[in-house]
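So the structure is just underneath, and the comments pick up after that.
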Amino acid sequence: MSSRNASALLALAESIADGAPVDWDAAEAGASRDEQAVVRQLRVLSSLASLHRSIAADLNVAAPPRRPAASPAIGSWAHLKLIERLGGGAFGDVYRAWDADLERDVALKLLRTDAASENINASRIANEGRLLARVRHANVVCVHGVAVHDERVGLWMELLRGATLEQQLAAHGSFSAREATLVGIDLCGALAAIHAAGLIHRDVKAQNVMREAGGRIVLMDLGTGREADGRGLRAVPELAGTPLYLAPEIFLGAPASARTDLYSLGVLLYHLVTGSFPVRAATMDELEAAHAAGARVRLRDARADLPAGFVRVVDCAIAADPSARFETAGAFEAALVESLGESAAVPAAALPPTPQTAEQRSSPVRIWARGGLIAASIAVLIVVAFVGWPALRRLGSRYASGSGIPAGAVRSIAVLPLANLSGDPAEEYFADGITDELIGTLGRLGGVNVISRTSTMQFKGSPKTVPEIARALNVDAVLEGSVRMLGAAAPGGSAGARRVRVNARLIYAGTDMPLWDRAFEATASDVLTLNDQVAKAIGDAIHARLASSQTARPAQDFDAFDLYLKGRYHWNARTEEGLKRSVQYFQEAIDRRSDFALAYAGLADAYSLLGYYGFVPGPESRARAAAAATRALQLDDTVAEAHGSLAVLHYYRYELDDAEREYRRALELKPGYATAHQWFGYELAQRGRTAEAIEEMRKAIELDPLSVGVNGGYGAVLIYARQFDEAIAQLAKTAQMDPAFARTHTELAKAYLMKGARDRAVEEAQRAAALGVRDVLVHAQIAYVNAAAGRRSDAQRQLREILDRYRQGDTAAAMAAAVAYTALGDRDQAFEWLERARQISDPEVTGVKMDPQFDPLRSDPRYAKLLAAIGMAQ
Numbered sequence: 002m003s004s005r006n007a008s009a010l011l012a013l014a015e016s017i018a019d020g021a022p023v024d025w026d027a028a029e030a031g032a033s034r035d036e037q038a039v040v041r042q043l044r045v046l047s048s049l050a051s052l053h054r055s056i057a058a059d060l061n062v063a064a065p066p067r068r069p070a071a072s073p074a075i076g077s078w079a080h081l082k083l084i085e086r087l088g089g090g091a092f093g094d095v096y097r098a099w100d101a102d103l104e105r106d107v108a109l110k111l112l113r114t115d116a117a118s119e120n121i122n123a124s125r126i127a128n129e130g131r132l133l134a135r136v137r138h139a140n141v142v143c144v145h146g147v148a149v150h151d152e153r154v155g156l157w158m159e160l161l162r163g164a165t166l167e168q169q170l171a172a173h174g175s176f177s178a179r180e181a182t183l184v185g186i187d188l189c190g191a192l193a194a195i196h197a198a199g200l201i202h203r204d205v206k207a208q209n210v211m212r213e214a215g216g217r218i219v220l221m222d223l224g225t226g227r228e229a230d231g232r233g234l235r236a237v238p239e240l241a242g243t244p245l246y247l248a249p250e251i252f253l254g255a256p257a258s259a260r261t262d263l264y265s266l267g268v269l270l271y272h273l274v275t276g277s278f279p280v281r282a283a284t285m286d287e288l289e290a291a292h293a294a295g296a297r298v299r300l301r302d303a304r305a306d307l308p309a310g311f312v313r314v315v316d317c318a319i320a321a322d323p324s325a326r327f328e329t330a331g332a333f334e335a336a337l338v339e340s341l342g343e344s345a346a347v348p349a350a351a352l353p354p355t356p357q358t359a360e361q362r363s364s365p366v367r368i369w370a371r372g373g374l375i376a377a378s379i380a381v382l383i384v385v386a387f388v389g390w391p392a393l394r395r396l397g398s399r400y401a402s403g404s405g406i407p408a409g410a411v412r413s414i415a416v417l418p419l420a421n422l423s424g425d426p427a428e429e430y431f432a433d434g435i436t437d438e439l440i441g442t443l444g445r446l447g448g449v450n451v452i453s454r455t456s457t458m459q460f461k462g463s464p465k466t467v468p469e470i471a472r473a474l475n476v477d478a479v480l481e482g483s484v485r486m487l488g489a490a491a492p493g494g495s496a497g498a499r500r501v502r503v504n505a506r507l508i509y510a511g512t513d514m515p516l517w518d519r520a521f522e523a524t525a526s527d528v529l530t531l532n533d534q535v536a537k538a539i540g541d542a543i544h545a546r547l548a549s550s551q552t553a554r555p556a557q558d559f560d561a562f563d564l565y566l567k568g569r570y571h572w573n574a575r576t577e578e579g580l581k582r583s584v585q586y587f588q589e590a591i592d593r594r595s596d597f598a599l600a601y602a603g604l605a606d607a608y609s610l611l612g613y614y615g616f617v618p619g620p621e622s623r624a625r626a627a628a629a630a631t632r633a634l635q636l637d638d639t640v641a642e643a644h645g646s647l648a649v650l651h652y653y654r655y656e657l658d659d660a661e662r663e664y665r666r667a668l669e670l671k672p673g674y675a676t677a678h679q680w681f682g683y684e685l686a687q688r689g690r691t692a693e694a695i696e697e698m699r700k701a702i703e704l705d706p707l708s709v710g711v712n713g714g715y716g717a718v719l720i721y722a723r724q725f726d727e728a729i730a731q732l733a734k735t736a737q738m739d740p741a742f743a744r745t746h747t748e749l750a751k752a753y754l755m756k757g758a759r760d761r762a763v764e765e766a767q768r769a770a771a772l773g774v775r776d777v778l779v780h781a782q783i784a785y786v787n788a789a790a791g792r793r794s795d796a797q798r799q800l801r802e803i804l805d806r807y808r809q810g811d812t813a814a815a816m817a818a819a820v821a822y823t824a825l826g827d828r829d830q831a832f833e834w835l836e837r838a839r840q841i842s843d844p845e846v847t848g849v850k851m852d853p854q855f856d857p858l859r860s861d862p863r864y865a866k867l868l869a870a871i872g873m874a875q
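Quick note: to get our numbering, add 1 to the position in the sequence shown (first position is 1).
The structure is reproduced here in structure tokens:
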């Protein structure tokens, strides 16, 4: 069988495990005759898995109760609101807390102020936070921060809901070999990440591993962990950890190492399947003596029914001689995976009953809750039997390492906002800026769509899981990570001398498994080169070529680039204050470096939006934007954003062919430039090229699926194309995304009006009016709907308000007046105000060719003259 066919069957089994939908008819049609039998078996198991999942959900299994709060007055610490006390010890207390910045529950470990060894404990908690923050892995608890507030040290991390393995062992009895193996595979991945970060955990035990309600295994508490010395992952000798899990050499004064962590993991697996330990003692002296004498209970003697492969792996992990153990977590994991295949081949009826069988038989909740997992496991075994375990193992290891991801498996990526781990909220702009730059750099990957920041920023601080985010954005993979600025700039020195560390992890959406996980570090002045390194590494992993950048880099002056990032940060707010502050930062960057093309492009974008939103008079904003965009391209003709800005400005001046040329150049330089696809599509629609326009808008939505502007713009294009039913559906969806965006409601009202649904049109117009926005074109559309619905007095009142706005200097009111006069049937006044709008180069005039609300004017000779004046043929 080809690896391609094996991959297809494996993907079906994974879909069953994930509960993802499968087109079974298509799967069977595309399979060979032999494979079709396997597909049909998988289809039956998929139905069983769905049944078991639904039953498990209906049973509503309760989570273990938490300990009550210590006192009614919980209070707050730093920016965290304390909700309830979960537990504590000599070091301090653990609380469930609300993090207002992240907008989620977190677990807060807070040092007692009266702790007996205050300095030691403070150092321990701070050390735990520092160490854990260096590790990002699905099976390692995620630390959000560590700080000192009110003279108390606190560490806050993700709040895990579930039970520790020790609690599960006490409640349900010993694990099966298969259950323990699956736990071990996850923990090997966790330890591999910890060791890759240059750390030793030193306290792997059942009490420090949580199984969440959804089944995720999480390794916690790195408080006894230590940094390795850099010469082979060995920590300073010191007796730390839980004695029964410690390797024998630790008692002889040997340093902790990766192999001592793996020994502890081996003991953990032994403990899960037996409830006991290989070396048993009641005191430390007895334990030391037992190790010295080699007195241990072999796993086979402790439990005779275990599969030989599992016993062999655990025996290797807990060998007394360190050199006889697994050398790395990866080697341990590979052995566990292989043992899983061996044990799977043993018929269930041939195995003696396990110690937990009676408990499971009396607990239907547990059996049904695991039914979906059982069905999914059987699905995988069917594929194993058909393609052979070695083939499946090769495929699995290729996916796990990230080095063998099949070409074409990842065609779309979303970059989630990188977390700011600098500890200073004032540096949030830097993390967001690096995210934006990374999105832009990844956009040079051939054949891969990279989602625009407008959509991904909506998930900043979101509690949603990676699969949920991937489904919302319709992507194959998600990149998440963090940025940390190390150290502080020397007094009077440049911030460019500081170092920047970026941790990045690429997660495959279908399985929520990491495909690739790496850390990068460089001086701040080389941060764009660092972005290239990240993007190239991702491209290598997914077999996508990173096109070389043609854009000049401002690497010689980091401070100018830093000001540029601050400008983009405020520009992205799209508020009047934000846009005006962005102008200040872009100008400061230009003052520092007069040949900084990106800063000029940013300045052009800022002035364009200031005029578009009416914060600055249109003629003034367009003149300043044109000057900045032109200067940017004089300095560097490869800045896509500058070409995009110049295209808009050409269009404002009715230089339509020049605008199209600039759009095409922008998209040639940056194919993933969603905003350029959106603007180009909108303007193609206004020129009557609606088929091309729809194609551009669909591409924009593919790149920026959650943008209200992009989705609403697509609805407007559908109106120009006279596809009113499709426009209503698209705009109704957009209104749900952001009910407070008034233009969506007025466009939806227009679509309803064109369909003859006047009552629905009035409802949408009223929703827009209730938002109380100052946008004069919104008021014009409301007047249009009122006039068409026979509410002329309301339309006339709104027209008077529009004319007052024009007299007060609002130049956009000229086009608004033309819309209102058209609705009221006054052609002469409509053409007079259209001409006024044209003379000030109002870009909205270009809509008269295709917008159906101007249909009453088309038979008038003045209509053809107007189109000719703006460069459009009738």
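All residues carry an ideal CB built from backbone N, CA and C; glycine is no exception.
Predicted, not measured: the structure shown is a model, and the values here were computed from it.
* **Distance CB(P249)-CB(H292) smaller than 7 Å** => yes
* Does the Cβ-Cβ distance between V501 and A525 come in under 7 Å? -> yes
* Asked: Among residues of its own chain, excluding the 5 on either side of A796, which ones have a beta-carbon nearer than 7 Å to its beta-carbon?
  -> A784, N787, A788, A821, A824 and L825
* Considering only the beta carbon of each residue, do G713 and M698 sit closer than 7 Å? -> no
* Within the same chain, show all residues whose beta-carbon is closer than 7 Å to that of A667, passing over the 5 residues directly before and after it, in chain order. => A641, H644, G645, A648, Y674 and A677
* Where does P740 fall in DSSP's three states? -> If DSSP states are grouped into helix, strand and coil, P740 belongs with coil.
* Asked: Pick from A282, G447, E522 and F278: whose alpha carbon is nearest that of H544?
  -> G447
* To do: Specify whether the segment 76-89 and the segment 106-113 touch according to this definition: at least 3 beta carbon pairs, one from each stretch, less than 8 Å apart.
  => Result yes; three or more Cβ-Cβ pairs closer than 8 Å.
* Exposed or buried, which one is M873 when buried takes at least 16 other CB atoms within 10 Å? -> buried
* Asked: Counting Cβ pairs, one atom from each stretch, are 3 or more of them under 8 Å apart for the segment 462-482 and the segment 598-612?
  -> no
* Going by the CB atoms, is the gap between F587 and A600 shorter than 7 Å? -> yes
* To do: Indicate the three-state DSSP secondary structure (helix, strand or coil) for A598 in the structure shown.
  => helix
* Unbroken alpha helix (DSSP H) run spanning N712, endpoints -> V709 to Y721
* **Sheet register partners of N450 (DSSP bridge)** => S413
* Asked: Are T735 and G716 touching if we call contact CB-CB under 7 Å?
  -> Closer than 7 Å, so yes.
* Asked: Three-state secondary structure (DSSP) at R148?
  -> Note that residue 148 corresponds to Ala in the displayed sequence, not to Arg. Reduced to three states, the DSSP call for A148 is strand.
* **Span separating the alpha-carbon of A743 from that of F725** => 19 Å
* Asked: So with Cβ pairs under 7 Å, would you call G185 a contact of chain B?
  -> The structure shown contains no chain B, having only a single protein chain.
* Below 8 Å on the Cβ atoms is my guess for V274 versus S175; work out the distance and round it to an integer in Å. => 5 Å
* **Cβ separation of P938 and I319, assumed to be a contact under 8 Å, to the nearest whole Å** => Beyond the ends of the chain as shown, which are 2 and 875, falls residue 938; an answer cannot be given.
* Asked: With burial defined as no fewer than 16 other Cβ atoms inside 10 Å of the residue's Cβ, what is the status of H897: buried or exposed?
  -> Not covered by the structure: residue 897. The range shown for the chain is 2 to 875.
* Would you please state the rounded distance, in angstroms, between the beta carbons of Y565 and A590? I believe it to be under 8 Å. => That pair is a contact at about 5 Å.
* **Three-state secondary structure (DSSP) of A626** => helix
* Pick helix, strand or coil for A427, following the three-state DSSP scheme. => Looking at A427 - three-state DSSP - the assignment turns out to be helix.
* Do P618 and T442 have their CB atoms nearer than 7 Å? -> no
* Reduced DSSP category for R863 - H, G, I as helix; E, B as strand; rest coil -> R863: helix per DSSP, three-state reduction.
* Give me the Cα-Cα distance between S413 and A536, rounded to the nearest whole angstrom. => 14 Å
* Classify K567 as helix, strand or coil using the three-state DSSP reduction. => helix
* To do: Please report the residue range of the beta strand (DSSP E) in which K110 lies.
  => R105 to L112
* How many Å lie between T455 and K756 at the Cα? -> 32 Å
* Asked: Looking at T747 and A728, is the spacing between their C-beta atoms short of 7 Å?
  -> no
* To do: Could you check what DSSP says for N504 in three-state terms: helix, strand or coil?
  => strand
* To do: Let me know the alpha helix (DSSP H) ranges lying completely inside the segment 664-714, each 4 residues or longer, listed in chain order.
  => 675-687 and 691-704
* Look at the alpha carbon of D638 and the alpha carbon of K850, and state the distance between them as a whole number of angstroms. => 33 Å
* If we ignore side chains and look at the alpha-carbon of each, how far apart do P137 and R506 end up? -> Reading off the sequence, residue 137 comes out as Arg, not Pro. C-alpha separation (whole angstroms): 8 Å.
* **Residues near E882 in its chain [Cβ-Cβ closer than 8 Å; skip 5 each side]** => Any question about residue 882 goes unanswered here, given that the chain covers just 2 to 875.
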